[in-house]
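For the record, the sequence lines run as chains A and B.
Counting in my numbering, the first sequence runs from 103 upward without gaps.
Counting in my numbering, the second sequence runs from 103 upward without gaps.
Report on one structure; see the data block that follows.
Number of protein chains: 2
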Amino acid sequence: MRRFVRLGALDDVRRLLDRMHPADMVQILRTLAPAERKAFTDVLLAHERAGEVLADLPEPQVEEILVQVSNERIASLVSRLAPDKAADLLRLLFEDRVVAILKLLDEKTAAILDRLMTYGPETAGGMMTTRFLALDRHTRVGEAVSRIRSEPEAEMVFYLYVVDETQRLEGVVSLRQLVLAGQDQELREIMNPKAIRVRVDTPRAEVADVISRYNLLAVPVVDASNVLCGIVTVDDAIDAITDETTREVYRMAGLNTEDRIATPPYESVRRRLPWMILNLATAILASWVISFFEASIAQVVALATLMPIVASMGGIGATQASTVIVRGIALGEIDFSSARRALLKEILVGMTIGVATGLVMALTAFVWKGNPWLGLIICLAMILNLLVAGASGAAIPLLLKWLKLDPALGSSVIVTTFTDCFGFMSFLGLGTLLLSHLK
Amino acid sequence: MRRFVRLGALDDVRRLLDRMHPADMVQILRTLAPAERKAFTDVLLAHERAGEVLADLPEPQVEEILVQVSNERIASLVSRLAPDKAADLLRLLFEDRVVAILKLLDEKTAAILDRLMTYGPETAGGMMTTRFLALDRHTRVGEAVSRIRSEPEAEMVFYLYVVDETQRLEGVVSLRQLVLAGQDQELREIMNPKAIRVRVDTPRAEVADVISRYNLLAVPVVDASNVLCGIVTVDDAIDAITDETTREVYRMAGLNTEDRIATPPYESVRRRLPWMILNLATAILASWVISFFEASIAQVVALATLMPIVASMGGIGATQASTVIVRGIALGEIDFSSARRALLKEILVGMTIGVATGLVMALTAFVWKGNPWLGLIICLAMILNLLVAGASGAAIPLLLKWLKLDPALGSSVIVTTFTDCFGFMSFLGLGTLLLSHLK
Numbered sequence: 103m104r105r106f107v108r109l110g111a112l113d114d115v116r117r118l119l120d121r122m123h124p125a126d127m128v129q130i131l132r133t134l135a136p137a138e139r140k141a142f143t144d145v146l147l148a149h150e151r152a153g154e155v156l157a158d159l160p161e162p163q164v165e166e167i168l169v170q171v172s173n174e175r176i177a178s179l180v181s182r183l184a185p186d187k188a189a190d191l192l193r194l195l196f197e198d199r200v201v202a203i204l205k206l207l208d209e210k211t212a213a214i215l216d217r218l219m220t221y222g223p224e225t226a227g228g229m230m231t232t233r234f235l236a237l238d239r240h241t242r243v244g245e246a247v248s249r250i251r252s253e254p255e256a257e258m259v260f261y262l263y264v265v266d267e268t269q270r271l272e273g274v275v276s277l278r279q280l281v282l283a284g285q286d287q288e289l290r291e292i293m294n295p296k297a298i299r300v301r302v303d304t305p306r307a308e309v310a311d312v313i314s315r316y317n318l319l320a321v322p323v324v325d326a327s328n329v330l331c332g333i334v335t336v337d338d339a340i341d342a343i344t345d346e347t348t349r350e351v352y353r354m355a356g357l358n359t360e361d362r363i364a365t366p367p368y369e370s371v372r373r374r375l376p377w378m379i380l381n382l383a384t385a386i387l388a389s390w391v392i393s394f395f396e397a398s399i400a401q402v403v404a405l406a407t408l409m410p411i412v413a414s415m416g417g418i419g420a421t422q423a424s425t426v427i428v429r430g431i432a433l434g435e436i437d438f439s440s441a442r443r444a445l446l447k448e449i450l451v452g453m454t455i456g457v458a459t460g461l462v463m464a465l466t467a468f469v470w471k472g473n474p475w476l477g478l479i480i481c482l483a484m485i486l487n488l489l490v491a492g493a494s495g496a497a498i499p500l501l502l503k504w505l506k507l508d509p510a511l512g513s514s515v516i517v518t519t520f521t522d523c524f525g526f527m528s529f530l531g532l533g534t535l536l537l538s539h540l541k
Numbered sequence: 103m104r105r106f107v108r109l110g111a112l113d114d115v116r117r118l119l120d121r122m123h124p125a126d127m128v129q130i131l132r133t134l135a136p137a138e139r140k141a142f143t144d145v146l147l148a149h150e151r152a153g154e155v156l157a158d159l160p161e162p163q164v165e166e167i168l169v170q171v172s173n174e175r176i177a178s179l180v181s182r183l184a185p186d187k188a189a190d191l192l193r194l195l196f197e198d199r200v201v202a203i204l205k206l207l208d209e210k211t212a213a214i215l216d217r218l219m220t221y222g223p224e225t226a227g228g229m230m231t232t233r234f235l236a237l238d239r240h241t242r243v244g245e246a247v248s249r250i251r252s253e254p255e256a257e258m259v260f261y262l263y264v265v266d267e268t269q270r271l272e273g274v275v276s277l278r279q280l281v282l283a284g285q286d287q288e289l290r291e292i293m294n295p296k297a298i299r300v301r302v303d304t305p306r307a308e309v310a311d312v313i314s315r316y317n318l319l320a321v322p323v324v325d326a327s328n329v330l331c332g333i334v335t336v337d338d339a340i341d342a343i344t345d346e347t348t349r350e351v352y353r354m355a356g357l358n359t360e361d362r363i364a365t366p367p368y369e370s371v372r373r374r375l376p377w378m379i380l381n382l383a384t385a386i387l388a389s390w391v392i393s394f395f396e397a398s399i400a401q402v403v404a405l406a407t408l409m410p411i412v413a414s415m416g417g418i419g420a421t422q423a424s425t426v427i428v429r430g431i432a433l434g435e436i437d438f439s440s441a442r443r444a445l446l447k448e449i450l451v452g453m454t455i456g457v458a459t460g461l462v463m464a465l466t467a468f469v470w471k472g473n474p475w476l477g478l479i480i481c482l483a484m485i486l487n488l489l490v491a492g493a494s495g496a497a498i499p500l501l502l503k504w505l506k507l508d509p510a511l512g513s514s515v516i517v518t519t520f521t522d523c524f525g526f527m528s529f530l531g532l533g534t535l536l537l538s539h540l541k
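Dropping the structure here:
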């Protein structure tokens, strides 16, 4: 495929596209060089399944493509897409373009998309599709089956939703139950009335969690008065889980989720710079701690040589502790009492590791620098700092969670500032106290 | 629930369990204190859905529970579970217990489980269930529907698999296509012959990726001669994605995946210690680099005060670069040519951020220490070190990937060792060269 693109054999590209799954087109777009991507995109946009490909691409890439496409073309792509995907695409455009495009669509589609766009993209409302099948509870099985036959558009109909006269959700019937039931039974007899549901404003991560926890293929979305508004399907839950993962990993490193491999360098610099400036400030803080001990360092230079070891081990210990806690929070393994236990455990683990590595380091320092007191000091400082590392590594994400902030965001910068400053302070402080033994 | 457990009102607990979804029981078990957990587990194990709960718990917790349970009890739990979940449970037991338990089961179940256990738990074979429906290609739709009616056990039958006489996979029919088709059509007429499939030895992450990329509810698993062996359902794909995420996050922090919040402290210490010792070794290496410049530090102590800033900024820059690359690899966004571009980009981004933060730091150092040369030196060292940070942060995960190793594993330790050593070397080296201007 790539060879055809490079050779400009666009007819061959077109032929290949016809035989391809949209997911594979996405894969190709992701790995093409910028120049090749341009040529490929042009062919792709003329293809009838282009919408599906766009819906699966990372947002910045889609934005880049959409600015080059006419409103008419977008309207035609959007009209062929599932409403949830269509709304996601439109959300990436400026308000005035959206208005113009909605005018080009038929009235019903435009109304649905307009409503879907009012929901936040990070909520069930923003994830849901309106292509579902809702039938009255008195519908008979035979009739329900013919209704399915007549609505080939409904997305992944593996559940039928049963509603009352006012569209309130009463229950769910799986396609499987439908096949197993007698033709004359009413839906309310075979439905599961305790169907798990989410609200339009349920956060995306929670929707994904419900689908994954209860092994559902789709979950119905209702408004405040239990009126069925849409469904979220398992494939969107998987996308949400993948996105949340990226967000967690990225936040721990202080990265913005839109900073990806394909992001242009100046964009990446712009997004990373604030975090780096913040970290520079914390590094200056740690350096300021050191400056109080300059007199001691001038007398015993070995203190300067060894001090980064104390700080670095603390940083790594704290990162391990906070990773375990942040992941535990993400997986829902933590509540109030387990949080206290987890904190105590991390302190104990930190201290024990401090003793073990501290002893190794004491011996190393003694052999290297020939002074047993130096060994004693670094051993004590490491124990203290790894204890603090365990405590802060566990406490800070928990505190952020308790403050209803993202535990992953900022954990690392706060935690390592703590261990850097405390590490330098304990080691250089002990060194200053026992200075007479070191000279 | 927790109050009932604490009060020892076990009859109430039992009653509540009857009305509960197994997923909710898992949630409760996860958050109970160890003492309460014991009481709860006793009641739970007598419950008929205990197997489903065990199948959803983290492995170490299940192992802990299973040692206290008789073989008869396990056999009865296992016989009620889907074969893939049952095999997962048995895998956690010692060989001789497994043999004893298999003898207690009926011959057919024992044979299936015995075969499933031969596949690696990290492959499609280890994830698949054998509860699927495979019918001959000449079966008529009406007959297929009655077959579904007679096999209520088949897990999540939303697809029917079509096979030839030798059980080779010919195609797939969705339950939806079955409902839409005429009663007298043969399955081969309505099936999708290009059904996406995986091999028994396909790695777990790849199976999950196929299901998620093509939005499947289940994927058929075939052996080397295309004989249908089982199916992997979307809920297992979600579990696999969650596990892979934890693994990636954990590996970047040098943690073992079994080191969770509920892991006992001594276990955590044992698992973390090797990584900490490795990091101690790299910290000593960095400290050894510093020791070459002790003479310069003794003359200009400000060098010691400022040097951790250079190393720390490099470490953070490198972590950001490697996070972007590791995530990109996990999401399949990287191939040979995009890897080269990504590497060049990270070098450029690192250098630019180095210039920006270096200038800020130069000014700070000048104002603080009153020496413009010190500012110049730290600025140059930061630019160099952030350039190296970008290069190594991108290159090392790519190299690990190219060597067919896990890019997340070890990236952080290698990368930060690099930036620590190089940071100290460049800053102290420049400081030594220009020492006369600093005194």
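Don't be surprised by glycine CBs; every beta carbon is placed ideally from N, CA and C.
Bear in mind that the values here come from a model prediction, so they are computed numbers and not experimental data.
Return the first residue and the last residue of the beta strand (DSSP E) that residue i is part of.
| i | result |
| --- | --- |
| residue 91 (chain B) | This structure leaves residue 91 (chain B) out entirely; chain B is present only between 103 and 541. |
| residue 497 (chain B) | Here residue 497 (chain B) belongs to no beta strand (DSSP E); instead the alpha helix (DSSP H) covers 474 to 504. |
| residue 238 (chain B) | 236 to 238 |
| residue 320 (chain B) | 320 to 324 |
Since residue i and residue j are thought to touch, with beta carbons under 8 Å apart, how far apart are those beta carbons, to the nearest angstrom?
| i | j | result |
| --- | --- | --- |
| residue 374 (chain A) | residue 455 (chain B) | 6 Å |
| residue 313 (chain A) | residue 329 (chain A) | So it is not a contact: roughly 21 Å between Cβ atoms. |
| residue 71 (chain B) | residue 321 (chain B) | Outside the shown range of chain B, which is 103 to 541, sits residue 71 (chain B), and nothing can be said about it. |
| residue 191 (chain B) | residue 180 (chain B) | 6 Å |
| residue 231 (chain A) | residue 185 (chain A) | 5 Å |
| residue 134 (chain B) | residue 319 (chain A) | So it is not a contact: roughly 31 Å between Cβ atoms. |
| residue 183 (chain B) | residue 157 (chain B) | 6 Å |
| residue 521 (chain A) | residue 385 (chain A) | Contact doesn't hold; Cβ gap of about 13 Å is too wide. |
Please confirm whether residue i and residue j have their CB atoms less than 8 Å apart.
| i | j | result |
| --- | --- | --- |
| residue 431 (chain B) | residue 492 (chain B) | no |
| residue 587 (chain B) | residue 325 (chain B) | No answer is possible for residue 587 (chain B): the residues shown for chain B start at 103 and end at 541. |
| residue 342 (chain A) | residue 363 (chain B) | no |
| residue 139 (chain A) | residue 131 (chain A) | yes |
| residue 112 (chain A) | residue 145 (chain A) | yes |
| residue 379 (chain A) | residue 459 (chain B) | yes |
| residue 400 (chain B) | residue 346 (chain B) | no |
| residue 411 (chain A) | residue 463 (chain A) | yes |
Grab the span of the alpha helix (DSSP H) containing residue i for me, first residue to last.
| i | result |
| --- | --- |
| residue 448 (chain A) | 438 to 471 |
| residue 243 (chain B) | 243 to 252 |
| residue 210 (chain B) | 209 to 218 |
| residue 163 (chain B) | 161 to 168 |
| residue 433 (chain B) | Residue 433 (chain B) -> no alpha helix (DSSP H), and no H or E assigned at all. |
| residue 269 (chain A) | Segment: none, residue 269 (chain A) is in no alpha helix (DSSP H) and carries neither H nor E. |
| residue 222 (chain B) | No alpha helix (DSSP H) holds residue 222 (chain B); DSSP gives it neither H nor E. |
| residue 64 (chain B) | The structure shown does not extend to residue 64 (chain B), since chain B is modelled only from 103 to 541, so the question has no answer here. |
| residue 152 (chain B) | 152 to 158 |
| residue 508 (chain A) | Looking at the DSSP string, residue 508 (chain A) is not in any alpha helix (DSSP H), and its letter there is neither H nor E. |
| residue 539 (chain A) | 537 to 540 |
| residue 147 (chain A) | 136 to 148 |
| residue 171 (chain B) | Counting along the chain, residue 171 (chain B) falls outside any alpha helix (DSSP H), and DSSP gives it neither H nor E. |
Could you tell me if the beta carbon of residue i falls within a distance shorter than 7 Å of some heavy atom in the ligand MN?
| i | result |
| --- | --- |
| residue 397 (chain B) | The ligand MN is absent from the structure shown, which contains no ligands of any kind. |
Pick out the complete alpha helix (DSSP H) segments inside the region 333 to 378 of chain B, 4 residues or longer, and give them in chain order.
336 to 354
Pairs of beta-carbons, one from the region 383 to 393 of chain A and one from the region 480 to 491 of chain A, closer than 8 Å: are there three or more?
no
What are the complete beta strand (DSSP E) segments, minimum 3 residues, inside the region 273 to 303 of chain A?
none
Across the region 368 to 383 of chain B and the region 523 to 541 of chain B, are there enough close Cβ pairs to call them in contact, namely three or more that are closer than 8 Å?
no
Does the region 400 to 414 of chain A come close enough to the region 466 to 480 of chain A to have 3 or more Cβ pairs within less than 8 Å?
yes
Would you call the region 266 to 281 of chain A and the region 206 to 218 of chain A in contact, with 3 or more CB pairs under 8 Å?
no
On the three-pair Cβ rule with 8 Å, is the region 498 to 513 of chain B touching the region 408 to 419 of chain B?
no
Check whether the region 489 to 503 of chain A and the region 422 to 436 of chain A are in contact - that is, three or more C-beta pairs closer than 8 Å.
yes
Check whether the region 271 to 282 of chain A and the region 294 to 301 of chain A are in contact - that is, three or more C-beta pairs closer than 8 Å.
yes
Only counting runs of 4 or more residues, tell me where the alpha helix (DSSP H) segments fall wholly within the region 511 to 535 of chain B, in order along the chain.
513 to 535
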